[in-house]
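First to last, the protein sequences are chains A and B.
Sequential numbering from 63 applies to the first sequence in the numbering used here.
Sequential numbering from 63 applies to the second sequence in the numbering used here.
Note that the Cβ used here is the ideal one computed from N, Cα and C, for glycine as well.
Have a look at the structure below before the remarks.
Number of protein chains: 2
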Amino acid sequence: MIDVRRLEALVALHRTGTVSAAAEQLHYGQPTISHHLRRLEAETGSVLLQRVGRGLRLTPDGERLAQRGEEVLALLARAEAELTASTSLQAGQIRLAAFPSAAATLVPAAVVLLRERHPGLALDLTEAEPPEAAAMLRAGTVDLALTFAYPDQAEPGGVGSVTVHEDPLYLVAPRGLDLGDGPVDLGRFADTRWVTGCERCRRELLALCDAAGFTPEIAFASDDYVAVQSLVASGLGVTVLPGLALRAHRNPDVVRRRVPGAARRIQVTTYGAPPHPAAVDAVAAVLSEVARRRAES
Amino acid sequence: MIDVRRLEALVALHRTGTVSAAAEQLHYGQPTISHHLRRLEAETGSVLLQRVGRGLRLTPDGERLAQRGEEVLALLARAEAELTASTSLQAGQIRLAAFPSAAATLVPAAVVLLRERHPGLALDLTEAEPPEAAAMLRAGTVDLALTFAYPDQAEPGGVGSVTVHEDPLYLVAPRGLDLGDGPVDLGRFADTRWVTGCERCRRELLALCDAAGFTPEIAFASDDYVAVQSLVASGLGVTVLPGLALRAHRNPDVVRRRVPGAARRIQVTTYGAPPHPAAVDAVAAVLSEVARRRAES
DNA sequence: CCCGCGCATCGACAGTATCGATGAGTTCGC
DNA sequence: GCGAACTCATCGATACTGTCGATGCGCGGG
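In structure tokens form, the structure reads like this:
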């Protein structure tokens, strides 16, 4: 493989016309350029240069190689510039996975903030529930994920998460139902029919009801929080939904009350251990800040 | 500037998936690849790799850089291949300057022979009288030239010539003129009107006539040997033409006789001193051989 | 004819590419 | 659950070479 430094010397010679000028342009000494040129000829087994008077001239082969070399150097410079742009957060494409209610709430806000802070960074969003998101991180399909986890839930392997928000859970009931004031007791709904969300949410619901001393009768399950609210509004039963889902969409025919002590953790999840690429850290920071603002409001 | 060897390590890692396999592919030890990757990250200030389990994975930045690196390596390989092809005479474009009568005789024969010997080499012909040809060699416009010189003529500076053929000179007269047998004596035409060729040929003609004891009356001058023969055929006068010009074109209405001891040297002229690029030497050799064959026939 | 300019050569030094040996962390199988 | 095997990181040693300053050589200009 041709040594690029030698090519650089040839290109500089081609540009400047003399070895000394080439050396100056590259901030080298003149013997260094001479050395590289001689080695380049020896290593390629070609005649690239010709002494003429007190100067040098490129042979046709040398001329063509210098042109090729210019392309190579340009491509290298371009690659370096791209990398620098990405490292300095002036450019880049970050692929983000987020669960539906975050995709509808946190992500749009994060996009706005990211555009403000790092105009060159672009987000590419994919909707995915936490287990899929972890799998996508492992597979390298996405660079970053917004996930959630319920208390005492183990983290999937290979990924690292930082909790950025505690998302309280709400009991959601049809509008006609009088929930009274103060904290709500799930036990009141032991004999009511229930609607529940995705697999993981259903497990958490079962745990909550178990703590309240009963086993709920599940009438319907859907991971679509809009559909779930519609079912509740139509009087099919009650449900428990996290705050973000209710913020993303609020059916006017349902009422809600916080379930004391019940919450899920909203997490920014990355693959592997730090350090992460600067762009990944930047997007993670923006997501954290958006979540924190949401928590304060 | 990014070091290409480090890029190579990154590309190999990208291709193979593990450092060890990359090392094997590049015929290096594993610590060498590790070293290059670490240095690449340090020198670019980027996070390109991530430890995962007992292996490594490329970050998005690393992935992009690996792709760019692949392009760079491909371009380098291509440049090297082109150069090798040229050096081994499998490809190449040689620019040749030749004076008109050689362009019409020697060059076509050389093209045929060249195509036979080195099918990859291509000739690019420019017509030029010897002084122009020397200037073009000096300017780098052509790589090789066919020139001619009369005896005692000094060689222009910066170029080197090898004589490949002695081209005899002929007295050319209208068909009706009886030239008799045996060597022709220019003195016979002291009172005839003369036609002559280019500047240099005219000087040689004057020298020949001077040696024969008279000064010719020049009725017409043209560097076009076809036109000169037409003028002679129409009875305007007589002329002296070299063998190649008569071989390139022979007006049926003229007769010729050798001028004893008069000849011009046909030369292959190159720029500067050897060594020359292999392709230049190859074309020069073919031109020499064609000229030698012509001399023998 | 001599001076200046440009390249080649030489010797020396520093930087580093490379390797083998070894250590640390992870995965897999028994 | 523990050991074996695998993968990468680290370390020290060595040889290579990129780089420079000094100097020699050849050519062109004053």
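{"Asked": "Between the CA atoms of R140/A and F161/B - distance to the nearest angstrom", "Found": "47 Å"}
{"Asked": "Whole-angstrom distance between D240/A and Y287/A, CA atom to CA atom", "Found": "22 Å"}
{"Asked": "Opening and closing residue of the alpha helix (DSSP H) in which H267/A lies", "Found": "Contrary to the premise, residue 267/A reads as Leu rather than His in this sequence. Segment 261-274, the alpha helix (DSSP H) holding L267/A."}
{"Asked": "Beta carbon proximity, R131/A to chain B, threshold 8 Å", "Found": "It should be pointed out that residue 131/A corresponds to Gly in this sequence rather than to Arg. G131/A counts as touching chain B."}
{"Asked": "Short CB-CB distance (under 8 Å) between I64/B and chain A", "Found": "yes"}
{"Asked": "Element boundaries [alpha helix (DSSP H), containing S33/B]", "Found": "Chain B is shown from 63 up to 359; residue 33/B falls before or after that span and cannot be answered."}
{"Asked": "Interface flag, L199/B vs chain A, CB-CB below 8 Å", "Found": "no"}
{"Asked": "Stretch-stretch touch, CB-based, cutoff 8 Å, three pairs: the stretch 276-286 of chain B with the stretch 238-257 of chain B", "Found": "yes"}
{"Asked": "Whole-number beta carbon distance between L158/B and L187/B, since they are thought to touch under 8 Å", "Found": "5 Å"}
{"Asked": "Inter-stretch contact (C-beta, 8 Å, three-pair minimum) for the stretch 91-100 of chain B and the stretch 63-78 of chain B", "Found": "yes"}
{"Asked": "Pick from T209/A, R177/A, A164/A that is closest to P192/A, judged by C-alpha positions", "Found": "T209/A"}
{"Asked": "contact_flag[the stretch 193-213 of chain A, the stretch 336-352 of chain A] where n(CB pairs < 8 Å) is 3 or more", "Found": "yes"}
{"Asked": "The stretch 300-313 of chain B touching the stretch 224-236 of chain B, judged by at least three CB pairs closer than 8 Å", "Found": "yes"}
{"Asked": "7 Å Cβ shell around L127/B - same chain, five flanking residues per side excluded", "Found": "L72, L110"}
{"Asked": "Integer-rounded CB distance, given that A289/B should sit under 8 Å from N313/B", "Found": "Going by Cβ atoms, the distance from N313/B to A289/B rounds to 10 Å, so no, they are not a contact pair."}
{"Asked": "C-beta contact flag for T375/B and R327/B at 8 Å", "Found": "Any answer about residue 375/B is impossible in this case: the structure gives chain B only from 63 up to 359."}
{"Asked": "From Q215/A, G115/A, R318/A, residue whose alpha carbon lies closest to that of Q329/A", "Found": "Q215/A"}
{"Asked": "Minimum Cβ-Cβ distance from G220/A to chain B less than 8 Å", "Found": "yes"}
{"Asked": "D315/A to G222/A span [Cα, whole Å]", "Found": "39 Å"}
{"Asked": "Bridge partner(s) assigned by DSSP for D186/B", "Found": "R157/B"}
{"Asked": "Beta carbon proximity, A335/A to chain B, threshold 8 Å", "Found": "yes"}
{"Asked": "Same chain only: Cβ atoms within 8 Å of R264/B, ignoring 5 sequence neighbours per side", "Found": "T258, I280, A283"}
{"Asked": "Member of S148/B, V114/B, A310/B, Q87/B whose CA lies at the smallest distance from the CA of V169/B", "Found": "A310/B"}
{"Asked": "Separation of L102/A from T78/A, as counted between CA atoms", "Found": "18 Å"}
{"Asked": "D286/B: first and last residue of the uninterrupted alpha helix (DSSP H) it sits in", "Found": "Where D286/B is concerned, there is no enclosing alpha helix (DSSP H), given that its DSSP letter is neither H nor E."}
{"Asked": "Secondary structure of V73/B, DSSP reduced to three states", "Found": "helix"}
{"Asked": "Where D205/B meets chain A, residues with beta-carbon distance less than 7 Å", "Found": "P122"}
{"Asked": "Closest Cα partner of A344/B within the set R250/B, D229/B, L183/B, D272/B", "Found": "L183/B"}
{"Asked": "Proximity to V81/B [Cα-Cα], best of A325/B, A252/B, L120/B", "Found": "L120/B"}
{"Asked": "Beta-carbon spacing of G323/B, D229/B below 8 Å", "Found": "no"}
{"Asked": "Within chain A, the residues that H338/B reaches when beta carbons sit closer than 9 Å", "Found": "V109, Q112, T121"}
{"Asked": "Status (buried if at least 16 other CB within 10 Å, exposed otherwise) for E261/B", "Found": "exposed"}
{"Asked": "DSSP-derived helix/strand/coil call for G305/A", "Found": "helix"}
{"Asked": "Neighbourhood of A307/B by C-beta, 7 Å cutoff - its chain only, sequence neighbours within 5 removed", "Found": "S163, Y287"}
{"Asked": "Test: V345/B CB closer than 8 Å to a CB of chain A", "Found": "no"}
{"Asked": "Reduced DSSP secondary structure (H/G/I, E/B, other) of G131/A", "Found": "helix"}
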